[in-house]
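Peer 1: Residue numbers (this note's numbering): 4 to 192.
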Amino acid sequence: MYTKTSLISKKFLALLMMAGALSLTACSDSSDGSAEEAAAPKESTQMTNAMDVKQPEPSAETKAPLAEESDMPKVVEAAKEAAEQEVAAQVEKASEQVKEVVSAPAPAPEPAAVSGDKVYATCVGCHGAQGEGGVGPKLAGQAVDAIVDKLQRYKAGEQVGPLTGMMAPMASGLSDADMQAVAEYVNQL
Ligand code: HEC
4 MYTKTSLISK KFLALLMMAG ALSLTACSDS SDGSAEEAAA PKESTQMTNA MDVKQPEPSA
64 ETKAPLAEES DMPKVVEAAK EAAEQEVAAQ VEKASEQVKE VVSAPAPAPE PAAVSGDKVY
124 ATCVGCHGAQ GEGGVGPKLA GQAVDAIVDK LQRYKAGEQV GPLTGMMAPM ASGLSDADMQ
184 AVAEYVNQL
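1. Can you check whether the CB of A146 is closer than 8 Å to the CB of G134?
2. My output table needs one value for D179: the three-state DSSP class, helix, strand or coil.
3. Which residue marks the beginning of the alpha helix (DSSP H) containing K121, and which one marks its end?
4. Going straight from the alpha carbon of S175 to that of K158, what length do you get?
5. Flag L192 as yes when its Cβ comes closer than 7 Å to any non-hydrogen atom of the ligand HEC, and as no otherwise.
6. Could you name the residues of the same chain whose beta carbon sits closer than 8 Å to that of A184, not counting the 5 residues immediately before and after it, in chain order?
7. Buried or exposed: V189, going by 16 or more other Cβ atoms within 10 Å of its Cβ?
8. The ligand HEC and K153: does any heavy atom of the ligand fall closer than 7 Å to the residue's C-beta?
9. Take A171 and list the residues in its own chain whose beta-carbon comes closer than 7 Å to its own, dropping the five residues that flank it on each side.
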């Protein structure tokens with residue numbers, strides 16, 4: 004969810020910047036005609052206008068004088084509208100996803116449905132296809148209870164051996180049923 008939110012705000016910012024850039028272009032076309040501002044350096048006029056437009060909610064005072072100068076506000080309005088629509092769509096999408104997650108039924112605990120060999124597929128790389136060991140210690144021949152007990156300790160964040168840092172993340176994703184199933188599988192290897 005956090006990633007989603009920051010993605011939305013990034014997109015929104017990008018669109019706001021686009022709106023700013025458009026207004027800058029529009030200003031350079033129209034600012035020559037402004038008699039009162041002729042004395043001021045052209046660049047600073049553009050900067051000021053761009054700043055005004057960048058504000059998310061321009062007040063009535065900022066909007067009114069701009070509207071008289073050219074069709075620049077139309078461009079800015081269009082860009083802003085597009086940005087708002089984009090954000091609204093993203094927010095709707097995100098909230099729908101949240102609803103889906105919230106309303107999804109919690110997975111029923113069904114130990115029988117967990118297959119040990121599937122769980123062990125993630126362990127093979129380090130403990131060997133036959134539990135003979137490799138990067139990790141030999142598991143073959145260990146008692147089911149002993150394996151479950153160690154997995155629980157890794158999951159709990161306990162320091163078990165010198166390489167616990169490597170093993171703990173593997174155990175942290177296992178449910179009790181996963182542990183039991185994988186231990187039984189390993190025990191039969
Ligand atoms: C990235 C390699 C790696 C993976 C993948 C991995 N392990 Fe381990 N495992 C280790 C290491 C290294 C140790 C020794 C950790 C220590 O020093 O505490 C270990 C230790 C263990 C131990 C304790 C063994 C003993 O005799 O003390 C068990 C049980 C175990 N792993 C089971 C599993 C299971 C089940 C999986 C798959 C869900 C798995 N491991 C996945 C590397 C791994």
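Each residue gets a CB set at the ideal place from its N, CA and C atoms; glycine is no exception.
All values derive from a computational prediction rather than experimental measurement.
Peer 2: In short, the structure shows the following:
1. no
2. helix
3. G119 to Y123
4. 4 Å
5. Distances between the C-beta of L192 and the heavy atoms of the ligand HEC are all 7 Å or more.
6. P114, V117, S118, G119 and V122
7. A residue is called buried once 16 or more other Cβ atoms fall within 10 Å of its Cβ, and V189 is buried on that count.
8. Yes, since a heavy atom of the ligand HEC falls inside the 7 Å radius drawn around the Cβ of K153.
9. Y157 and G160
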